[in-house]
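So the structure is just underneath, and the comments pick up after that.
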Amino acid sequence: MENPGSESGELKRTLGPIMLWGLGVGYVISGNYFGWNLGLAEGGTLGLAIATFFVIIMYVTFTFGYTELACAIPKAGGLFDYATRALGKEWGFIGGMAQIIEFTFAPPAIAFAIGAYLNIFMPSIPVLAIAIIAYFIFTGLNIYGVEMAAMFELFVTVVAVIGLILFAGITLPHFEMENLTINALPNGYAGVFAAIPFAIWFFLAIEGVANVAEETINPQRNVMIGFGSAIVTLVVLCIFTFSSSVGVAGWEGVVYPEGSPTPSDSPLPLAVANTVGSGHIFYKIISVIALFGLVASFHGIILAAGRVTFQFGRTGYAPKQLGDVHNRFKTPSKALLVNMGIGIIALLTGKTGDIITIACFGALTLYIIAMISLFALRSKEPDMERPFKVPMYPVFPAVALLISSVCLVAISIYNVKLAIIYFGIIGLSYVWFRFIAKK
Numbered sequence: 032m033e034n035p036g037s038e039s040g041e042l043k044r045t046l047g048p049i050m051l052w053g054l055g056v057g058y059v060i061s062g063n064y065f066g067w068n069l070g071l072a073e074g075g076t077l078g079l080a081i082a083t084f085f086v087i088i089m090y091v092t093f094t095f096g097y098t099e100l101a102c103a104i105p106k107a108g109g110l111f112d113y114a115t116r117a118l119g120k121e122w123g124f125i126g127g128m129a130q131i132i133e134f135t136f137a138p139p140a141i142a143f144a145i146g147a148y149l150n151i152f153m154p155s156i157p158v159l160a161i162a163i164i165a166y167f168i169f170t171g172l173n174i175y176g177v178e179m180a181a182m183f184e185l186f187v188t189v190v191a192v193i194g195l196i197l198f199a200g201i202t203l204p205h206f207e208m209e210n211l212t213i214n215a216l217p218n219g220y221a222g223v224f225a226a227i228p229f230a231i232w233f234f235l236a237i238e239g240v241a242n243v244a245e246e247t248i249n250p251q252r253n254v255m256i257g258f259g260s261a262i263v264t265l266v267v268l269c270i271f272t273f274s275s276s277v278g279v280a281g282w283e284g285v286v287y288p289e290g291s292p293t294p295s296d297s298p299l300p301l302a303v304a305n306t307v308g309s310g311h312i313f314y315k316i317i318s319v320i321a322l323f324g325l326v327a328s329f330h331g332i333i334l335a336a337g338r339v340t341f342q343f344g345r346t347g348y349a350p351k352q353l354g355d356v357h358n359r360f361k362t363p364s365k366a367l368l369v370n371m372g373i374g375i376i377a378l379l380t381g382k383t384g385d386i387i388t389i390a391c392f393g394a395l396t397l398y399i400i401a402m403i404s405l406f407a408l409r410s411k412e413p414d415m416e417r418p419f420k421v422p423m424y425p426v427f428p429a430v431a432l433l434i435s436s437v438c439l440v441a442i443s444i445y446n447v448k449l450a451i452i453y454f455g456i457i458g459l460s461y462v463w464f465r466f467i468a469k470k
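Each residue of the sequence shown is one higher than the last, beginning at 32 in our numbering.
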């Protein structure tokens, strides 16, 4: 019998294409329920729309390329494994660190939203306390087993998708084209670049599907189906949510609650309130279903993050104990617990917007290194078995690489302090790897 704490510890294969669709959509769907509307304050309707247009092109072309990598190298480490094989251990480490930063910094932001939302119904319990309790509950569910975790993720994701369809059905009859033109570019074209992180938030973490490849039945086939169906679903939902929200009363109506100068984390209830009123049953239904969307992404990204940290431990780039598999449940329990600890520390800072932006830094670094890895593997290993090949090669990966590079430069310019923090973390981690872990 294998020692579950050894480097060769194996994860249990239980996931099919429907579960992968649920994970892919679930990782991301909270981006439709909160966060994206903050980009309207930066760029207005037109500025966020332009940013979202290019971000959609980036994600569609990136997803094709990442699917090729995931099907050819179905490993839990995702980019860490792809970049190591394509570019060597050092770039593999940097790509893995970017992936860890993305997947460990996104959940605290979502946890805060869960806490703030439930606080409306349970005002006696502090937001921070609810967020921390959520971490314990969903980390525990992930430790219990990936199949149970994925089934729960599928359920909450389906409810969240139904909620967005219902929202569109409520608001679209009230849609007026002229509402899209009201103060459409309040900060000029510079607002397009400032809105980029919030456009990315619509799709952030879709690549997490690749991190459960080792737990997927027939990964070469099912990862392709799960990835492809998830990105199509998310693009359609993004377009409907954006247009139906802003088309009701203009962009300011889904950013600022009436009489408040503070941007809201609940754009969909604001849009519904502008159509049927805040006392209507539909307002309450959308408000409750929004919680399912938050939980879907929170729970799903915790799942993906555990696999990334697990792979770092399994290869010795982090403490070996993080590469242990639970004796009974066959899940990366120690990696999940460490990620929870980091997430709770991030929660204590109270800076939700900054946490989101740092997660975007990690995501964009991941996309850049992934596409470079794809080009490198096509050159170095042309005969590698590739069950799926990106269409229109090399155009698609080149487009993804170009747009993600421009986005990384743009958010660095508009978030200098956070850029220093992010690249500082990457730099210090690399020093540790270069002089300690690598030996």
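Glycine residues also receive a C-beta, built at the ideal position from the N, C-alpha and C atoms.
Looking only at its chain, what residues have a beta carbon closer than 6 Å to the beta carbon of residue i, apart from the 5 residues adjacent to it on each side?
i	result
methionine 371	Tyr166, Thr170
proline 35	Because proline 35 carries a pLDDT of 37, less than 50, the predicted location of this residue cannot be relied on, and the following value inherits that uncertainty. Only Val356, Asn358 meet the Cβ criterion.
glycine 53	Glu184, Leu185, Thr188
glycine 19	Since the first and last residues shown for the chain are 32 and 470, residue 19 lies out of range.
threonine 98	Met255, Phe258, Phe419
threonine 264	Val56
proline 250	Pro105, Ala244
leucine 439	Leu395
alanine 101	Ala241, Ala244, Val254
isoleucine 373	Thr135
phenylalanine 233	Gly62, Trp67, Cys269
Please return the same chain residues whose Cβ sits closer than 7 Å to the Cβ of residue i, not counting the five positions on each side in sequence.
i	result
leucine 159	Gly146, Leu378
serine 37	With a pLDDT of only 38 at serine 37, under 50, the local geometry of the prediction cannot be trusted, and the value read off the model is given with reservation. No residues qualify anywhere along the chain.
tyrosine 445	Phe224, Ala225
isoleucine 386	Phe136, Pro139, Ala140, Ala377
alanine 162	Ala142, Phe143, Ile145, Gly146, Leu378
threonine 306	Ile201, Thr202, His205, Val279
alanine 431	Met89, Thr92, Phe93, Gly96, Tyr398, Met402
glutamate 178	Thr45
phenylalanine 454	none
alanine 114	Trp122, Gly123, Gly126, Ile400, Ser404
isoleucine 320	Val190, Ala191, Gly194
Using a 10 Å radius around the Cβ and a threshold of 16 neighbouring Cβ atoms, would you call residue i buried or exposed?
i	result
asparagine 68	buried
proline 350	exposed
serine 291	exposed
methionine 423	exposed
serine 155	exposed
tyrosine 314	buried
isoleucine 104	buried
asparagine 214	exposed
isoleucine 434	buried
tyrosine 148	buried
tyrosine 220	exposed
leucine 322	buried
valine 277	buried
Suppose the cutoff is 8 Å on Cβ atoms and the five residues either side in sequence are ignored; what does the same chain contact list for residue i look like?
i	result
alanine 117	Ile403, Ser404, Leu405, Ala407, Leu408, Lys411
serine 274	Phe206, Leu211
isoleucine 452	Ile389
Measure the Cβ-Cβ separation of residue i and residue j and say whether it is below 7 Å.
i	j	result
isoleucine 389	leucine 449	yes
glycine 70	tryptophan 282	no
valine 240	glycine 55	yes
valine 303	isoleucine 317	yes
glycine 57	alanine 244	no
threonine 272	leucine 195	yes
glutamine 352	phenylalanine 111	no
leucine 172	alanine 181	no
proline 298	valine 285	yes
proline 413	alanine 72	no
threonine 380	alanine 129	no
glycine 108	isoleucine 248	no
valine 266	isoleucine 131	no
glycine 337	alanine 366	yes
phenylalanine 471	phenylalanine 124	The requested residue 471 does not occur in the structure, where the chain is confined to residues 32 to 470.
cysteine 391	isoleucine 168	no
alanine 441	isoleucine 227	yes
leucine 216	leucine 368	no
isoleucine 174	serine 460	no
Kindly confirm or deny that the stretch 132 to 146 and the stretch 325 to 335 touch, where touching means at least three C-beta pairs closer than 8 Å. Segments in contact, yes.
My parser needs the alpha helix (DSSP H) runs of 4 or more residues fully inside the stretch 230 to 301; what are they? Within the stretch 230 to 301, the runs of alpha helix (DSSP H) at least 4 residues long that lie entirely inside it are, in chain order, 250 to 280.
What ranges does the beta strand (DSSP E) occupy inside the stretch 154 to 230, keeping only unbroken runs of at least 3 residues that lie completely in it? If we require 3 residues or more, the stretch 154 to 230 turns out to have no beta strand (DSSP E) run fully inside it.
Would you mind listing the alpha helix (DSSP H) stretches within the stretch 401 to 462 that are 4+ residues and don't spill past its ends, in chain order? With a minimum length of 4 residues, the continuous alpha helix (DSSP H) runs that stay inside the stretch 401 to 462 are 426 to 445.
Report the start-end ranges of each beta strand (DSSP E) in the stretch 94 to 133 that is 3 residues or longer and not cut off at the edges. List check, beta strand (DSSP E) in window: nothing returned.
Which runs of the beta strand (DSSP E) spanning at least 3 residues fall entirely within the stretch 326 to 409, listed in chain order? Annotation note: the stretch 326 to 409 contains no uninterrupted beta strand (DSSP E) run of length 3 or greater.
For a minimum of 4 consecutive residues, which ranges assigned as the alpha helix (DSSP H) are wholly contained in the stretch 45 to 76? The stretch 45 to 76 contains these whole alpha helix (DSSP H) runs: 48 to 59, 61 to 64.
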